[in-house]
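**Student:** If you read the protein sequences in the order shown, they are chains A and B. Those letters in the first sequence? Residues 8 to 120, per the working numbering, in order. Those letters in the second sequence? Residues 330 to 443, per the working numbering, in order. Have a look at this one before I ask anything.
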Amino acid sequence: GQQLNQSPQSMFIQEGEDVSMNCTSSSIFNTWLWYKQDPGEGPVLLIALYKAGELTSNGRLTAQFGITRKDSFLNISASIPSDVGIYFCAGPLTTSGTYKYIFGTGTRLKVLA
Amino acid sequence: DAGITQSPRHKVTETGTPVTLRCHQTENHRYMYWYRQDPGHGLRLIHYSYGVKDTDKGEVSDGYSVSRSKTEDFLLTLESATSSQTSVYFCAISEGTQGIQPQHFGDGTRLSIL
Chain A
8 GQQLNQSPQS MFIQEGEDVS MNCTSSSIFN TWLWYKQDPG EGPVLLIALY KAGELTSNGR
68 LTAQFGITRK DSFLNISASI PSDVGIYFCA GPLTTSGTYK YIFGTGTRLK VLA
Chain B
330 DAGITQSPRH KVTETGTPVT LRCHQTENHR YMYWYRQDPG HGLRLIHYSY GVKDTDKGEV
390 SDGYSVSRSK TEDFLLTLES ATSSQTSVYF CAISEGTQGI QPQHFGDGTR LSIL
């Protein structure tokens, strides 16, 4: 079935470093979503992108909707310990006027203080 | 908080028993979804609903059924639980009447089948 590939799968970074991760699809999407999940909790929406080329920020987070509409990127600037968690991308598949989302397998971020 | 309540939050049961998980929303959103999350697989869609009594299958629907008799409640039933259905289950909602809208998730139900 349709899959979203996230890269990297996991990463260790030093506190204060910038982080980049990406998500690619075999299909074109009209929307890209980025979520963060903390242990024991549900995913929380970070950023939603609706237009090719769009660049949107949420505090230290910046996400971009790729020009090809088959990829998206998430950057975190000046990482801090609370950035630890799993980051998921998601995109919608439409069927007969309804839609459902598929998710990437996640990027696990670990921050070294 | 997105106004989503999942119950129970934790459950341990035996193979072969029926199990029902409940998702309740206070947002009056059109769409409701059930996912399971397992290590190495991310979030996989089980079933979703796009209105009262309107449901459709996701990618891992075998062994699961759903019902939505009113806007605010979406039930997931395991008719005869198996150990492979041990997982964390998440409910999500999406507004859905103004084009494609983001999903918001509940806090999950951790289900263990022995």
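All residues carry an ideal CB built from backbone N, CA and C; glycine is no exception. Quick caveat, the model's predicted, so the values are computed rather than measured.
With distances taken from CA atoms, which of Leu62/A, Phe95/A, Glu48/A and Ile54/A is nearest proline 15/A?
**Tutor:** Among Leu62/A, Phe95/A, Glu48/A and Ile54/A, the Cα nearest to that of proline 15/A belongs to Phe95/A.
**Student:** Taking only beta-carbon atoms, is tyrosine 3/A less than 8 Å away from chain B?
**Tutor:** Residue 3/A falls outside the range modelled here, since chain A spans only 8 to 120, and no answer is possible.
**Student:** Kindly indicate which three-state DSSP category serine 378/B falls into: helix, strand or coil?
**Tutor:** Strand, per DSSP.
**Student:** Measure the alpha-carbon distance for serine 17/A versus serine 394/B and round it to whole angstroms.
**Tutor:** Taking the straight line joining both Cα atoms gives about 34 Å.
**Student:** Check whether the Cβ atoms of serine 441/B and glutamine 430/B lie closer than 8 Å to each other.
**Tutor:** Contact: no.
**Student:** Taking the alpha carbon of threonine 102/A as the reference point, which residue from Tyr379/B, His353/B, Glu408/B and Lys340/B has its own alpha carbon closest?
**Tutor:** Ranking the options by Cα distance to threonine 102/A, first place goes to Tyr379/B.
**Student:** For valine 389/B and cysteine 420/B, I'd like the C-alpha separation in whole angstroms.
**Tutor:** Computed Cα separation, rounded: 15 Å.
**Student:** Opposite tyrosine 393/B in the DSSP bridges: which residues?
**Tutor:** Tyrosine 393/B pairs with Leu407/B.
**Student:** Comparing C-alpha positions only, which one of Asp391/B, Ser396/B and His358/B sits nearest to leucine 350/B?
**Tutor:** Out of Asp391/B, Ser396/B and His358/B, Ser396/B has the C-alpha closest to the C-alpha of leucine 350/B.
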